[in-house]
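Residue numbers (our numbering), protein chains in the order written: chain A, 9 to 567; chain B, -16 to 276. Note that beta-carbon positions come from the ideal geometry of N, C-alpha and C, so glycine has one too.
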Amino acid sequence: MKKLDLKVKDYPELAISWETTLINKTGTWRTFYPKYFPKTPPCNYYCPANENIQKYIALSLKGEFEEAYFTILEKNPFPSITGRVCYHPCEIGCNRGNFDESIAIHAIERFLGDYGINFVESKRKIEKLTFDKKVAIIGSGPAGLSCAYYLLLKGVGVTIFEKESYPGGILFYGIPAYRLPKEIVKREVEKLTKRGAEFIFNKELGKDFSLDDLTKKYDAVFLAIGAQIEQELGVLNEDANGVLMGLDFLKAINLKRKIKYFGKNVLVIGGGNTAIDCARVALRKGAKVKILYRRTKEEMPAIREEVEEALKEGIEILFLTAPSKIIKDKKERVKGLECVKMKLSEEVDESGRRKPIPIKNSNFVIKCDTIIKAIGEKVDLAILPKEIIGKRTVLADEYGKTNIDKIFAGGDCVTGPKTVVEAIAYGRRAAYFILNYLKNFEIPKKESVSLVNYENLNTYYFEKQKRIEEDRLPVNKRKRNFKEIVATLTDQDVKYEAGRCFSCGVCNNCDNCYVFCPDLAVLKKNGEYEILYDYCKGCGVCAHECPRNVISMFFEEEK
Amino acid sequence: MKWQYANNTEEYMNPGHLACPGCGGAYAMRLALKALGKNTIVVIPACCWSIIDGPFPLHCIKVPLYHTAFETAAVVASGIRAALEVKGKRDIEVLAFAGDGGTLDIGIQALSAVCERNDKIIYACYDNEAYMNTGIQRSSATPYGAWTTTTPREDFKKERKKNITEIIAAHRIPYVATASIGFPDDLIVKFKKAKEAKGTAFIHIFAPCPTGWRMAPELMITIAQLAVDCKIFPLYEVFDGVKYVINYQPKNIPVQEYLKLQGRFSHLTEEEIEIIQKEVDFNWELLVKKAKG
Ligand SMILES: Cc1cc2nc3c(=O)[nH]c(=O)nc-3n(C[C@H](O)[C@H](O)[C@H](O)COP(=O)(O)OP(=O)(O)OC[C@H]3O[C@@H](n4cnc5c(N)ncnc54)[C@H](O)[C@@H]3O)c2cc1C
Ligand SMILES: Cc1ncc(C[n+]2csc(CCOP(=O)(O)OP(=O)(O)O)c2C)c(N)n1
Ligand code: SF4
Ligand code: SF4
Ligand code: SF4
Ligand SMILES: [Mg+2]
Chain A
9 MKKLDLKVKD YPELAISWET TLINKTGTWR TFYPKYFPKT PPCNYYCPAN
59 ENIQKYIALS LKGEFEEAYF TILEKNPFPS ITGRVCYHPC EIGCNRGNFD
109 ESIAIHAIER FLGDYGINFV ESKRKIEKLT FDKKVAIIGS GPAGLSCAYY
159 LLLKGVGVTI FEKESYPGGI LFYGIPAYRL PKEIVKREVE KLTKRGAEFI
209 FNKELGKDFS LDDLTKKYDA VFLAIGAQIE QELGVLNEDA NGVLMGLDFL
259 KAINLKRKIK YFGKNVLVIG GGNTAIDCAR VALRKGAKVK ILYRRTKEEM
309 PAIREEVEEA LKEGIEILFL TAPSKIIKDK KERVKGLECV KMKLSEEVDE
359 SGRRKPIPIK NSNFVIKCDT IIKAIGEKVD LAILPKEIIG KRTVLADEYG
409 KTNIDKIFAG GDCVTGPKTV VEAIAYGRRA AYFILNYLKN FEIPKKESVS
459 LVNYENLNTY YFEKQKRIEE DRLPVNKRKR NFKEIVATLT DQDVKYEAGR
509 CFSCGVCNNC DNCYVFCPDL AVLKKNGEYE ILYDYCKGCG VCAHECPRNV
559 ISMFFEEEK
Chain B
-16 MKWQYANNTE EYMNPGHLAC PGCGGAYAMR LALKALGKNT IVVIPACCWS
34 IIDGPFPLHC IKVPLYHTAF ETAAVVASGI RAALEVKGKR DIEVLAFAGD
84 GGTLDIGIQA LSAVCERNDK IIYACYDNEA YMNTGIQRSS ATPYGAWTTT
134 TPREDFKKER KKNITEIIAA HRIPYVATAS IGFPDDLIVK FKKAKEAKGT
184 AFIHIFAPCP TGWRMAPELM ITIAQLAVDC KIFPLYEVFD GVKYVINYQP
234 KNIPVQEYLK LQGRFSHLTE EEIEIIQKEV DFNWELLVKK AKG
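Written out as structure tokens, the structure is:
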């Protein structure tokens, strides 16, 4: 403060201030202090691969598709695949779902994946392989491929043993082309071949080689053989001609093999993706198709949209119906299926769903010539050493470590039948763990999670906007072909949809905190904000008006 | 949503002022000065802002400010305008910035006189719906139903809020507008229009007072938005006293949502809330009619 050395006669007639309130440190009034405290958006949290969805959506909004693509690759090497077939639990977690409709994250992911393989991959640098350590991978499904990818990125060479003659596992020969074109799988796999991955096809563990053979030759082995054995129905005459295994059927179609005993009237048994895929494939092969499911629509484990598409295509689903006996003719050919009506009991089974029980004397017969079993897959444990197997699956921790040194495992063979993205995530975690095992590579730390719930947002600043819908091939154009049904969004559509994202927990420079502070205690400089704690009174307006919960208030004592 | 005014980070007010945390009145000044800029002289009658600007020798805003007697904001501003005229200074705005008590009650005759003469000043009333500076006494701006220290408990205020905007508009001055601190861009545009007006301009600003309204300070902006969206405080302009323009279509939220966040309304029964809702709906219809012309 300026010194007061005015004489009485010098005083002006009016009292005039000569100092600003800047000397008045109102920060001392505060009980709570605001802090920029970015948080985890639920989309990222609910993505099994932990993709930074918010970030790639923000980049997409700015048209920075290449950066956005690389953001996905940090957690998932195959966005063109997951963008097409993932269950997208991220969208269930998406906060926007509580406001109007969740962000079409899968569609943005798919666009970026396709953008990547079309425009980015060709100019990407290829990491040099060192070959001082070598890893063998058994199985080229998403778990194996993902593990291979992250090992290759760190310069570790991989050899992938695959019992079929194509890479991709279920991606290639399970999921039909109208959902996931073969071309896409091939182009995603190129990311590995370009980096020097060695594929050895038509070699089957347990038949052509053993785990021991590999541990002798390699520094580490990653087991990713999936869960591919179709479960038995346990009814009479299951050996009749015309009773097919779900995955075998799909494999045969996808690999263009001939199928014996495929007729015109097909019954598919089951409620998962395999069942729906089998039914829709059989339909495309000219059959009349019905699905039998012993519970109700709500309990179906198949992807919801796929069930709806199947119904649209004219497939009938008989709910609360279970097979009781297969009827065959004299030539051992399937002639019909005796079924029984079910009801849901109060008892809850292992899966947490209500257990279906048969209704007495409700048996009836459906005529058919083909029955496809698709009630679930299990792991082929017979080919594996006792030390690493449990009752139903391979035993491994979340990083893939098993009870035998050098042997790691992940994907469906450890988790039981799950999803593509979970297999990818497992593969990535295992790759990091193997890198740590071989090269002391530091495993990325788990990020601490402080989730942004819908209630934490200030939605006043958002307006209702329709969710983007992807174009779909009309049902009448799907007959007898395997053309892809869903189309990739255009960049305009992607930007529109990206614009709907709330950016939960992550600042996007909306300026609200700067704009609304009544104490001028938020400075805005070069797109950044700084709280002037000397003056902030802790009113909490900035935190409350932040639409996306980036700012939190903390008790002053705890500072 | 992006704020227009955030692009310019020039401020005409310093931190360290003496307003309570979450003061709508303090914030209203920040916005007004942002619109009017450096060449502004501010006149403040007795009100919270007499305190907010700081005790002698401190001063918060970065433009000259005259403290004047409670009832004289309008006329002192006119006097300053006359002096500027004499000195030939034309590029300076004179802003009288007064509370609701100083505007709707004690200052109304001076304000009316200024409007009648159509003197070239901007008169802004930051309305916090009571005499806050002296301890939350009711004013004619206090709405029906509100608790104040002079309308305690069951003696909550039974009279309706005086409609100052209509009273001033009736003087047929060139520009009258309502504004809310919850809509900063709108508020700033209105001050800019006021600057251009050929004569007196009056802006009635809705400015919540967390202390007097018995509410959480962080709700300052939310409450100011709700008042508009519940149609309690519609945003509109009146040109030359006759041409009405509604600037924002309210989201039509029940008044209950606004009332329930404030302790000053916590005693209200459902019936009383219904009375408020009816009054609000009636006023809105009236306004819509006027805007249709
Ligand atoms: C028909 C069907 C549709 C599905 N649809 C979806 C979907 O839309 N979305 C979704 O998220 N999930 C879906 N799933 C589940 C998903 O495909 C699996 O969870 C995922 O593929 C598991 O990946 P994985 O790498 O662990 O195993 P797999 O993909 O099963 O790959 C295992 C690989 O190991 C090979 N292999 C097996 N045994 C041996 C051996 N002894 N020696 C050498 N190689 C061997 C196999 O040939 C295969 O290539 C579907 C599953 C099926 C069956
Ligand atoms: C003639 C006169 N009467 C009473 C006072 C005491 N006084 C100072 S500020 C004030 C209340 C002002 O209320 P309002 O205009 O609504 O402004 P607020 O304090 O709410 O911001 C009163 C009554 C005074 N200064 N002069
Ligand atoms: S609104 Fe955006 S950031 Fe928030 S959960 Fe949804 S996708 Fe994620
Ligand atoms: S709005 Fe300003 S004064 Fe209030 S807590 Fe935030 S920084 Fe502090
Ligand atoms: S209010 Fe806006 S600018 Fe401030 S922290 Fe939140 S998102 Fe960022
Ligand atoms: Mg007041």
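Cβ of residue i within 7 Å of any chain B Cβ
i: V523 of chain A; result: yes
i: S25 of chain A; result: yes
i: Y543 of chain A; result: yes
i: K43 of chain A; result: no
i: K532 of chain A; result: yes
i: D519 of chain A; result: yes
i: V422 of chain A; result: no
i: G152 of chain A; result: no
i: V549 of chain A; result: yes
8 Å Cβ cut-off: residues of chain A touching residue i
i: N(-3) of chain B; result: T28, T29, L30, L528
i: L41 of chain B; result: S25, E27, T28, T29, I31, N32
i: G90 of chain B; result: What G90 of chain B touches in chain A: nothing, since even the nearest Cβ is about 21 Å away.
i: A(-11) of chain B; result: D519, Y522, V523, K532
i: R13 of chain B; result: P526, L528
Within chain B, the residues that residue i reaches when beta carbons sit closer than 8 Å
i: Y537 of chain A; result: Ordered by position in chain B, no residue passes the 8 Å Cβ test against Y537 of chain A, which lies about 11 Å from the chain.
i: Y34 of chain A; result: Strictly speaking, residue 34 of chain A in this sequence is Thr, with Tyr absent from that position. Ordered by position in chain B, the residues that pass the 8 Å Cβ test against T34 of chain A are P(-2), G(-1), H0, L1.
i: D108 of chain A; result: Within 8 Å Cβ-Cβ: nothing; D108 of chain A doesn't reach chain B, min ~15 Å.
i: Y468 of chain A; result: T205, Q208
i: L540 of chain A; result: P(-2)
i: G546 of chain A; result: P4
Residues of its chain near residue i, where Cβ-Cβ distance is below 6 Å and the 5 sequence neighbours each way are ignored
i: A185 of chain A; result: F490
Contacts that residue i makes with chain B (C-beta to C-beta distance below 7 Å)
i: E553 of chain A; result: I204
Chain-ordered neighbours of residue i on chain A, where CB pairs are closer than 7 Å
i: T(-8) of chain B; result: K532
i: C6 of chain B; result: P526
i: Y10 of chain B; result: P526
Chain A residues whose Cβ lies nearer than 9 Å to that of residue i
i: Y241 of chain B; result: Going along chain A, no residue has its Cβ under 9 Å from Y241 of chain B, so there is no contact; the nearest lies around 13 Å.
i: A65 of chain B; result: By Cβ distance, chain A contributes nothing, its closest Cβ being about 18 Å from A65 of chain B, past 9 Å.
i: G37 of chain B; result: S25, E27, T28, T29, N32
Proximal residues to residue i (C-beta, below 8 Å), its chain only, five neighbours per side dropped
i: R400 of chain A; result: K386, V387, L389, G424
i: L270 of chain B; result: P217, Y219, Y227, I229
7 Å Cβ shell around residue i - same chain, five flanking residues per side excluded
i: L540 of chain A; result: A529, L531
i: E74 of chain A; result: V128
i: G165 of chain B; result: I204, A207, Q208, V211
Cutoff 7 Å: residue i Cβ touching any chain A Cβ
i: P200 of chain B; result: yes
i: P167 of chain B; result: yes
i: A277 of chain B; result: With chain B covering only -16 through 276, there is no way to say anything about residue 277 of chain B.
i: W196 of chain B; result: no
i: W(-14) of chain B; result: yes
i: A60 of chain B; result: no
Neighbouring residues, chain B, relative to residue i (Cβ below 9 Å)
i: Y445 of chain A; result: Correct list: empty, because the minimum Cβ distance to chain B is about 50 Å.
Cβ-heavy atom distance, residue i to ligand 7, below 6 Å
i: I367 of chain A; result: This structure lacks ligand 7; the ligands present are ligand 1, ligand 2, ligand 3, ligand 4, ligand 5 and ligand 6.
Does the region 76 to 83 of chain B come close enough to the region 52 to 66 of chain B that 3 or more CB-CB pairs lie under 8 Å? Touching, yes, given that three or more Cβ pairs across the two stretches are closer than 8 Å.
Below 8 Å, how does it come out for the region 116 to 130 of chain B and the region 62 to 69 of chain B: are there three or more Cβ pairs, yes or no? In short, these stretches do not touch, since the Cβ pair count stays below three.
Meets three-Cβ-pair contact criterion under 8 Å: the region 227 to 235 of chain B and the region -10 to -1 of chain B: Under the three-pair Cβ rule at 8 Å, the region 227 to 235 of chain B does not count as touching the region -10 to -1 of chain B.
I want to know whether the region 154 to 174 of chain B touches the region 217 to 225 of chain B - three or more CB-CB distances under 8 Å. Taking a contact to require three or more Cβ pairs closer than 8 Å, the region 154 to 174 of chain B and the region 217 to 225 of chain B qualify as touching.
When the Cβ atoms of the region 202 to 215 of chain A are set against those of the region 357 to 370 of chain A, are three or more pairs found closer than 8 Å? When C-beta atoms of the region 202 to 215 of chain A are compared with those of the region 357 to 370 of chain A, fewer than three pairs fall below 8 Å, so the two segments do not count as touching.
Please confirm if the region 414 to 431 of chain A is in contact with the region 51 to 68 of chain A, defined as three or more CB-CB distances below 8 Å between the two stretches. The region 414 to 431 of chain A vs the region 51 to 68 of chain A: in contact.
Beta carbon nearer than 5 Å to a non-hydrogen atom of ligand 3: Selection output, chain order preserved: A:P49, A:P50, A:C51, A:Q62, A:C102, A:N103, A:R104, A:I111, A:C509, A:F510, A:C512.
Evaluate contact between the region 477 to 486 of chain A and the region 82 to 102 of chain A, counting only Cβ atoms and requiring at least three cross-stretch pairs below 8 Å. With contact defined as three or more Cβ pairs closer than 8 Å, the region 477 to 486 of chain A and the region 82 to 102 of chain A are not in contact.
For the region 301 to 311 of chain A against the region 273 to 285 of chain A, are there 3 or more C-beta pairs whose distance is under 8 Å? Between the region 301 to 311 of chain A and the region 273 to 285 of chain A, the count of C-beta pairs closer than 8 Å reaches three or more; the two stretches touch.
Any chance the region 223 to 240 of chain A sits against the region 324 to 339 of chain A, with 3 or more Cβ pairs inside 8 Å? No, the region 223 to 240 of chain A is not in contact with the region 324 to 339 of chain A.
Does the region 9 to 16 of chain B come within contact of the region 554 to 562 of chain A, defined as at least 3 CB pairs closer than 8 Å? In short, these stretches do not touch, since the Cβ pair count stays below three.
Which residues are close to ligand 4, meaning CB closer than 6 Å to any heavy atom, in chain order? Every residue whose beta carbon comes nearer than 6 Å to a heavy atom of ligand 4 appears here in chain order: A:P42, A:C525, A:D527, A:A529, A:V530, A:I539, A:C544, A:K545, A:G546, A:C547, A:G548, A:V549, A:C550.
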